[in-house]
Amino acid sequence: MNDDVDRLLARLTLEQKASLLSGLDSWRTTPVPDADVPSVWLSDGPHGVRREVAARDSVPSTCFPTESALAATWDRDLVERVGAALGAEARALGVGVLLGPGVNIKRTPLCGRNFEYLSEDPVLTGELAAAYVTGVQSRGVGTSLKHFAANNQEWGRHWYSSDVDERTLREIYLAAFERVVTRARPWTVMCSYNRLNGVHASQHGWLLDDLLRGEWGYDGLVVSDWGAVHDRVAALAAGLDLEMPGCDGVTDAKVVAAVRDGRISEEVLDRSVRRVLELVARAVPAPMTRLIRWGVDPETPGLDGRTVAGGPEGAAGAGPAVGDQPADGEPADGPGALPEDMVAAHHALAAEAAQAAITLLRNDGVLPLTAPRRLAVVGRLAVAPRIQGAGSALVNPARTPVSVLDALRSSFDVTYAEGYAMTAEAPDAAREAEALAAVRAADVALVLVGQVDGTESEGYDRAHLDLPAAQEKLLDAAVASGTPVVAIVNGGSAVRLGGWRDRAAAVVHCPFLGQAGGEALARVLAGDVDPSGRLAETWPVRLEDTPAFVTYPGDRGHARYGEGVFVGYRWYDELGLAVGYPFGHGLSYTRFEYRDAAAGVVDAEAGVVEVACEVVNVGERPGVEVVQVYVAPPRRRGGVPVLDGEPGEAVPVTPVRRPVRELRDFARVSLAPGGTARVVVTLEPRAFAYWDVAGGLWRRDAGSYVVELGSSSRDLRAAVEVTLPASPADRPEPTDVELRDAVVARSAVVS
1 MNDDVDRLLA RLTLEQKASL LSGLDSWRTT PVPDADVPSV WLSDGPHGVR
51 REVAARDSVP STCFPTESAL AATWDRDLVE RVGAALGAEA RALGVGVLLG
101 PGVNIKRTPL CGRNFEYLSE DPVLTGELAA AYVTGVQSRG VGTSLKHFAA
151 NNQEWGRHWY SSDVDERTLR EIYLAAFERV VTRARPWTVM CSYNRLNGVH
201 ASQHGWLLDD LLRGEWGYDG LVVSDWGAVH DRVAALAAGL DLEMPGCDGV
251 TDAKVVAAVR DGRISEEVLD RSVRRVLELV ARAVPAPMTR LIRWGVDPET
301 PGLDGRTVAG GPEGAAGAGP AVGDQPADGE PADGPGALPE DMVAAHHALA
351 AEAAQAAITL LRNDGVLPLT APRRLAVVGR LAVAPRIQGA GSALVNPART
401 PVSVLDALRS SFDVTYAEGY AMTAEAPDAA REAEALAAVR AADVALVLVG
451 QVDGTESEGY DRAHLDLPAA QEKLLDAAVA SGTPVVAIVN GGSAVRLGGW
501 RDRAAAVVHC PFLGQAGGEA LARVLAGDVD PSGRLAETWP VRLEDTPAFV
551 TYPGDRGHAR YGEGVFVGYR WYDELGLAVG YPFGHGLSYT RFEYRDAAAG
601 VVDAEAGVVE VACEVVNVGE RPGVEVVQVY VAPPRRRGGV PVLDGEPGEA
651 VPVTPVRRPV RELRDFARVS LAPGGTARVV VTLEPRAFAY WDVAGGLWRR
701 DAGSYVVELG SSSRDLRAAV EVTLPASPAD RPEPTDVELR DAVVARSAVV
751 S
């Protein structure tokens, strides 16, 4: 490929080179017909292929659970399989790059785009995003890791500056990007809209060149978020390769002028052009030629390695080849529909992912439901669930979603009442009275609640964390009725739950589950599937307790990240704050015990440690446990036990203030009743280190580290101590190769 690109680069004129660095239109790179360079189609979004055919319309594709829901699965393998399915659909629909995943850390639960992001923790985020990228790119379709970097709110996103100290950047906001870049090699990285410490991300040389390419060794393409470029010449000099969308040649002319008058060298221009050409060569399976025509290339592998007939007269459902359009750049008739066998297989996978994302937060024994039972199903969301958020990621589902109400009716005697209007906050006396009558007449009541339509969306943040007043009032009355109430919260991010929370018989969180969510929820409620979801973000007691409450959304164009590294559970642990539900929390229909925890130092100088324990299903049902591995830094202990889940009186002895504990790895284990699995996790050097700003490297202090294993950040079941020496003062962070060698055995599960 490199030789082909070199020869092609030598043939291009200065004007042709400049044209390649901006889009043809909203979704395509610019072709160069005279040089046989076709376009590549870039498409939203992270949880489905949004291949636009008209404004506000796209080709139907599988609507998978959103990223926040995938994060709740804590399942690398499942996320990789979802990624592979997305890649297969993108390939079939002529999409060369899928614009995801989004790995921005959830600094505040108010961020309107949190449903598109994975977690408040960089390790969980990075691991799952790397799996996603690996899956998508296994199908010959690129990904776009976004939004780089520190884009943690929608309010003012086009102009505000995220002011973050270097240690916090390295440990929290850049760590997931680094993990994905070094382990999964995304084809593209998308810069964010915001400024970082006063400099626009699109023209931030330290971020795009020194760090991303220099330190992390990234060799792919950097693309702008749509409309994020403020100074095209400065952005090119900083390392931004492709500006999207197209600008009708305006910025191309500026680039040509800058080269001609010496403000930027042609060598810098050629580096970016080369990256665009390499992307085209990767995304277009055939040689770069104007002979590429509409229809899936006959040699393009399908979902299971099969070939798909190409051309408009090909098999039903065949779509356009990647990057395909006539040589003059005018769009053809557009892609066809996905093949039905692909749609069916991916719907089943979407249901599996949705089931794994459903999180049981509280259960007094009312779940799983047993038939025959008279159920009251209350809430507009029971018939019109929110399956995804709003904005550029909105997917046109390939299959019409089945509501949980319809799914339950096949097994239970169900009475439905609307209860409230989704478009209003205020209570409706008539709707409430009808709902309470149904609740009182039932054996069990399922009350589905969530924030009003349009609350969670790209482009703006939420104003609060509360459920609508009508829903809170209805739930208060329902739990006082004497009928056991299962409160089912449908939403893409954390909400504050009212006084009914501890009086409900059960509380279930349904994130945005995609097109198969209704079926999945019915199966979990009925006990056909164990609820195996775990929270990927802390649910606070109140908004005022959240880490960024004092500084969000910012002042005079600056969002100051004054909480530092204390984001998410790190904040609540540091301050000893009670939470609604902790990070990592989620119940099962069975019970697990942790036994025989042990740790061994594999390489003391490097800081490689192997941790193991046995997990036993001591209940009577099959179930899934997610073993979460946290590391606490060297510290003196006070009078409060470390393992009781309550904040201790520990005083750090390290030179910097470090979190009480930090997630460093995790393993998901599925066990039959009485089953046992031995979980073995290899902790890499970074697990014990912090960023030393003065030294400009990752540093480990000497001392005893506590490795804690548990079911959440505040449900810790076992702990082992390991003593490590200080990292050599003159030794930099291990290279990527050294890190990969150190973690070959990571998260192995031996039954």
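Note that full-length UniProt numbering numbers the sequence shown so that position 584 is 584, with each residue one more than the last. Ideal placement from N, C-alpha and C gives every residue a C-beta, glycine not left out. Since we're looking at a predicted model, the values are computed, not measured.
Across the structure, GLU456 and GLY112 are spaced so that their CA atoms are roughly 5 Å apart. Contact annotation: ALA445 and VAL486 have beta-carbon atoms nearer than 9 Å. Cα atoms of GLY100 and ARG686: separation of roughly 26 Å, rounded to the nearest angstrom. When DSSP reads this structure, MET244 sits in no beta bridge, so it has no partner. Residue environment for ARG440: exposed (fewer than 16 other C-beta atoms within 10 angstroms of its C-beta).
When rounded, the separation of the alpha-carbon atoms in PRO531 and LYS106 is 24 Å.
By the Cβ-count criterion, ALA430 is exposed, with fewer than 16 other Cβ atoms from all chains shown falling within 10 Å of its own Cβ. The C-alpha of TRP159 lies about 38 Å from the C-alpha of PRO633. Taking 9 Å as the cut-off, the beta carbon of VAL609 is found closer than this to the beta carbon of VAL722. In the DSSP assignment, HIS346 falls within the alpha helix (DSSP H) that extends over 340-357. Judged by DSSP in its simplified three-state form, ARG179 adopts helix. Scanning its chain for C-beta atoms nearer than 6 Å, with the 5 sequence neighbours on each side dropped, one finds around SER162 the residues ALA150, ASN194, LEU196 and ALA559, in chain order. Secondary structure at GLN153: coil, using DSSP grouped into helix, strand and coil.
The way I'd put it, the segment 206-216 doesn't touch the segment 227-234; fewer than three beta-carbon pairs between them come closer than 8 Å. In this structure, the beta-carbon distance from VAL681 to ALA612 falls below 9 Å.
Per the Cβ contact rule, the segment 619-626 is in contact with the segment 517-533 (3 or more Cβ pairs under 8 Å). Pairing MET342 with GLU89 gives a Cβ-Cβ distance under 9 Å. A direct Cα-Cα distance of roughly 7 Å separates LEU8 from ALA35. Rounded to the nearest whole angstrom, the C-alpha separation of THR125 and SER712 is 16 Å. Nearest neighbour of THR483 by Cα position, chosen from GLY518, GLY499, ASP443 and VAL495, turns out to be ASP443.
According to the DSSP secondary-structure assignment, GLU614 is paired through a beta bridge with ARG595 and ARG678.
Taking a C-beta distance under 9 Å as the contact criterion, GLU458 and ALA390 qualify as a contact pair.
In terms of Cα proximity to ASP219, the closest of PRO245, GLU278 and LYS254 is GLU278. Within the same chain, Cβ atoms closer than 6 Å to the Cβ of VAL82 are found at PHE64 and ALA353, the five residues on either side in sequence being excluded. Between TYR594 and TRP539, the C-beta spacing is not below 9 Å.
Looking from the CA of PRO109, the closest CA among ALA726, PRO725, ARG282 and VAL541 belongs to VAL541. Separation of the CB atoms of SER61 and LEU338 is rounded to 6 Å, and the pair is thereby assigned contact status at 8 Å. With fewer than 16 other Cβ atoms inside 10 Å of its own Cβ, ASN2 counts as exposed. Annotation: the segment 369-448 contains the following complete segments of the alpha helix (DSSP H) (minimum length 4 residues), in chain order: 404-409 and 429-440. VAL82 sits in a helix when the DSSP states are folded into three classes. In this structure the segment 342-351 does not touch the segment 496-508; the number of beta carbon pairs closer than 8 Å is below three. When Cβ pairs closer than 8 Å are counted between the two stretches, the segment 560-573 is seen not to touch the segment 129-136, the count staying below three. In the DSSP assignment, VAL627 is bridged to ALA667.
Closest option to ASN114, judged by alpha-carbon separation, among TRP187, LEU70, LEU475 and GLY140: LEU70. Three or more Cβ pairs closer than 8 Å define a contact, and the segment 240-260 meets that threshold against the segment 17-29.
For SER192, the closest of GLU154, GLY217 and ARG11 by C-alpha to C-alpha distance is GLU154.
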